[in-house]
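The structure appears right after this line, and notes come after that.
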């Protein structure tokens, strides 16, 4: 289940934000990417390993 769609550039931003803020800071990551925190968390868990 996806909360939001992510374009390729948004996916890259999400990965960079996770590296910068660590995967437990979803609210901050969401603000940086411009997507809801829950959507970022869900997308990352479905598409990136080790999150």
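In the numbering used here, the protein residues as written are 14 to 64. Using N, Cα and C, we set each Cβ at its ideal position, and we do this for glycine too.
Presumed contact (8 Å Cβ cut-off) between residue i and residue j, rounded CB distance
i          : j          : result
residue 57 : residue 46 : So it is not a contact: roughly 10 Å between Cβ atoms.
residue 42 : residue 50 : 7 Å
residue 23 : residue 48 : 7 Å
Straight-line gap, residue i to residue j (C-alpha atoms, nearest Å)
i          : j          : result
residue 31 : residue 25 : 10 Å
Which listed residue (the options) has its alpha carbon closest to that of residue i
i          : options    : result
residue 17 : 54, 34, 61 : 54
residue 44 : 21, 27, 60 : 27
Minimum Cβ-Cβ distance from residue i to chain D less than 8 Å
i          : result
residue 41 : Among the protein chains of the structure shown there is no chain D, as only one such chain exists.
As assigned by DSSP and simplified to three states, the class of residue i
i          : result
residue 17 : coil
residue 47 : coil
residue 26 : helix
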